[in-house]
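Structure, as structure tokens:
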Amino acid sequence: MRVVGPSIAAGLILSGVFTLILLLGGVVARDFGVHGHPAPIRRRYGPKSARGRRVTAVAGALIAVTITATLAALMAAVDARTFGTAFAAAEIALLTWNAYDLVVLDWLVFVAWRPALVVLPGTEDMPECRDWRFHAAGFAKGVVIVTVIALVAATVTALVR
207 MRVVGPSIAA
217 GLILSGVFTL
227 ILLLGGVVAR
237 DFGVHGHPAP
247 IRRRYGPKSA
257 RGRRVTAVAG
267 ALIAVTITAT
277 LAALMAAVDA
287 RTFGTAFAAA
297 EIALLTWNAY
307 DLVVLDWLVF
317 VAWRPALVVL
327 PGTEDMPECR
337 DWRFHAAGFA
347 KGVVIVTVIA
357 LVAATVTALV
367 R
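Structure, rendered in structure tokens:
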């Protein structure tokens, strides 16, 4: 059974949609992602605006729907009939997304490039904006989170099939 190729493709599709959601969220309310910044930046910036909170809720729901739909389509594409196949497919897809988030979004966009859209007003001069390790730690947490999601997806798939 071919799992790796379709799973990586699903992870890249998920990454693209995730990027679009973040981009649109940032355009509507730049502070919607303040929770994803290092603590000193969050302290200096202050609490998230009401608009930022609403955008965070909508973005979170869209991301959850995207993950669910992507994994459901992937399970059908790889004909996942066993827990093992379903887990491998989901884990590869979600780890691809997590790696994309770290390398492309966090390190290249947020740390290296830093376009105005991703810099919170009043935090431009803070050295924490260039904290590579903060994002690496977030990636490590993400590995645990996506593994739990993959386990849930594999369990549901195994029970349904």
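Mapping of the sequence shown onto my numbering: position 115 corresponds to residue 321, and the numbering continues sequentially without gaps. In this text, a Cβ means the ideal position worked out from N, Cα and C, and glycines have one as well. On a predicted model such as this, the values are computed, not experimentally measured, just so you know.
Secondary structure at ASP337: coil, using DSSP grouped into helix, strand and coil. In this structure, the CA atom of ALA286 is about 43 angstroms from the CA atom of GLU334. Here THR361 is exposed, its C-beta having fewer than 16 other C-beta atoms within 10 Å.
It is roughly 31 angstroms from the alpha-carbon of ALA356 to the alpha-carbon of ALA235. Selection GLY258, ALA282 and GLY232 evaluated against ALA295 yields ALA282 as nearest (Cα-Cα). With a contact defined as Cβ atoms closer than 8 angstroms, VAL317 and ARG336 qualify at about 5 angstroms.
Rounded to the nearest whole angstrom, the C-alpha separation of THR291 and ILE298 is 11 angstroms. Scanning its chain for C-beta atoms nearer than 8 angstroms, with the 5 sequence neighbours on each side dropped, one finds around LEU228 the residues GLY239, ALA265 and LEU311, in chain order. Membership of TRP303 in the alpha helix (DSSP H) is indicated by the continuous run 289 to 306.
Rounded to the nearest angstrom, the gap between the Cα atoms of ALA322 and ALA342 is 22 angstroms. In this structure, the beta-carbon distance from VAL366 to ASN304 does not fall below 9 angstroms.
VAL264 carries a helical assignment under DSSP once its states are collapsed to helix, strand and coil.
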